[in-house]
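K.L.:
Reading the sequence shown from the start, the letters are residues 1 to 350 in UniProt numbering. Where a beta carbon is used, it is the ideal one built from N, C-alpha and C, also for glycine. Owing to the predicted nature of the structure, the values given are computational and were not obtained by experimental measurement.
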Amino acid sequence: MLMTGSPLRRSGASRIFGVALALAVAAVGAAWFYFWSLAASQTEAVLTSWIAQEAQVGRQWSCPQRRIGGFPFSVEVSCPALGFEGAILDRSFSGSVGSFRAASGVFDPQRVEIRIEPPFTARTHEGDHFSLQWRHLQLQIEGGSEQAPRLTLDGAGLALTGSTAAGAPIEAAAETAQATLAPTPGAEAAQEVSITLKGVTAPPLSNAFALRAPLDATVSAVVVGAGLAGSGDLFDRVERWRVEGGRIDVKSARLVSGTAELKATGSLYIDEGRRPRGELDASLRGLDPVLRRFGVNPGLIAAGSLLTSLLKGPPAKEEAPQAIHLPLRVADGYVSIGPIRTSLRLPALY
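Structure (structure tokens):
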């Protein structure tokens, strides 16, 4: 009988194979951990870049207990308590966010999804305070630390409450809210902005414009001009943008409240009085109560729309017959619909 090998030889070969396999697994594990560490550093760099950009415009975010995890297939950066100190519009606030968790895939570390837990509370030294609650709120950041990122915000069940130092209530809510800010392809000094709001309620807004139903809004625009970028107070940057000829090209805007609807396209900018100025091609439907609120006779507006249609041709087929088509102008703060200047005057923005 032939022997193919002694048990001792087979045992030695098995040990060598086992050791080699263990070394291979260890090498793969070490290489994967190194790869994961690189992805983690890139993810943290994206977050650090965003925090640095916020700091440049006067908003300081702090996370003293930042943790990094998610190994082996994702990268997660979590913060159990996120602090805030900085300007909101023209007021200095300090506050906090419940918590947040930022996650990215190992193979796409420059796409970071941040899940934010409520509430966001803030107050001023003068006594203004507010609290923002939500059911869902997520921020997505796409882009490396060397380029302007694409920001996408997605929220649901938002409710804002609070009061001013004078005791005036702050109250607003929205069923859903989405917003996107992204660099315009092929343009160095332009940002594409899109905003979609559904089920917005705000008593001051409803009272001012005689709205009887929640508001839905969709806006798509391009902000042209580089002055908004860089460091400094918000209004200082807006002023720099204004002086350098910045403008907002409204590609489409649609506001709906019940049977009332406004559609518009055009361009707006800020004049020397720091008020909005420009002209929009507008389509109005069911806005008679709003027009009367500002001292405008809807019959005159309808007559002006008819004249405009005769000069420019009939409205597009998809427009209902009752839609009124007229230019909407803003000059010296006053809003004009067609040839009629309303009593509505917009205040200086800053």
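Using the Cα positions of R91 and G299, report the straight-line distance between them to the nearest angstrom.
P.N.:
So the two alpha carbons sit approximately 43 Å from each other.
K.L.:
In whole angstroms, what separates the C-alpha of I295 from that of S267?
P.N.:
According to the sequence provided, residue 295 is Gly. The question's Ile does not apply to it. Their Cα atoms are separated by approximately 25 Å.
K.L.:
Rounding to the nearest angstrom, what Cα-Cα distance links S62 and A168 in this structure?
P.N.:
Using only the alpha carbons, I get a separation of about 30 Å.
K.L.:
Can you tell me where the beta strand (DSSP E) holding A177 begins and where it ends?
P.N.:
Taken as a continuous stretch (DSSP letters only), the beta strand (DSSP E) holding A177 covers 169–183.
K.L.:
Could you tell me the alpha carbon to alpha carbon distance between F73 and G155, rounded to whole angstroms?
P.N.:
Between F73 and G155, the C-alpha separation is close to 27 Å.
K.L.:
Answer yes or no: do V330 and R247 have a C-beta to C-beta separation smaller than 7 Å?
P.N.:
No, the Cβ-Cβ distance between V330 and R247 is not below 7 Å.
K.L.:
Out of A208, L197, E192, I324, state which residue places its alpha-carbon closest to the alpha-carbon of A226.
P.N.:
When only C-alpha atoms are compared, the closest one is E192.
K.L.:
Could you tell me whether the Cβ of K263 comes closer than 7 Å to any Cβ of chain D?
P.N.:
The chain inventory of the structure shown lacks chain D, comprising one protein chain alone.
K.L.:
What would DSSP say about V106, mapped onto helix, strand or coil?
P.N.:
Coil.
K.L.:
Using CA atoms only, rank isn't needed, just tell me which of G232, L255, Y269, A159 is closest to R242.
P.N.:
It is Y269 whose Cα lies nearest to the Cα of R242.
K.L.:
Which residue or residues does DSSP assign as beta-bridge partners of H136?
P.N.:
Paired residue(s): A156.
K.L.:
Cα-Cα, which of G105, S283, L197, P203 is closest to G157?
P.N.:
Answer by Cα proximity: L197.
K.L.:
If you reduce the DSSP assignment to three classes, tell me which class D281 lands in.
P.N.:
Correct three-state label for D281: strand.
K.L.:
So what's D249 in DSSP terms, helix, strand or just coil?
P.N.:
D249: strand per DSSP, three-state reduction.
K.L.:
Between the C-alpha atoms of F120 and P80, what's the straight-line distance to the nearest angstrom?
P.N.:
In a straight line, the C-alpha of F120 is about 13 Å away from that of P80.
K.L.:
Would the segment 217–224 and the segment 233–240 be scored as touching if the rule is three or more Cβ pairs under 8 Å?
P.N.:
No, because fewer than three Cβ pairs between the segment 217–224 and the segment 233–240 fall closer than 8 Å, the two stretches do not touch.
K.L.:
Does the pairing of the segment 107–123 with the segment 133–141 give three or more beta-carbon distances under 8 Å?
P.N.:
Touching, per the Cβ criterion.
K.L.:
Going by beta carbon distance, what residues of the same chain come within less than 7 Å of P203, once the five residues before and after it are set aside?
P.N.:
E171.
K.L.:
If you draw a straight line from the C-alpha of L262 to the C-alpha of L215, how long is it?
P.N.:
Those two C-alpha atoms are separated by around 11 Å.
K.L.:
Can you give me the C-alpha to C-alpha distance between P347 and F209, rounded to a whole angstrom?
P.N.:
Going from the Cα of P347 to the Cα of F209 covers about 16 Å.
K.L.:
Can you grab the Cα-Cα spacing for the pair A103 / A40, in whole Å?
P.N.:
Taking the straight line joining both Cα atoms gives about 10 Å.
K.L.:
Quick check on S283: buried or exposed, where buried means 16 or more other Cβ atoms within 10 Å of its Cβ?
P.N.:
Burial call: buried.
K.L.:
Spatial neighbours of A148 within its chain, please: CB distance less than 6 Å, with the 5 preceding and 5 following residues excluded, ordered by chain position.
P.N.:
The answer, listed in chain order, is P183.
K.L.:
Could you name the residues that DSSP lists as bridge partners for P276?
P.N.:
P276 is bridged to I270.
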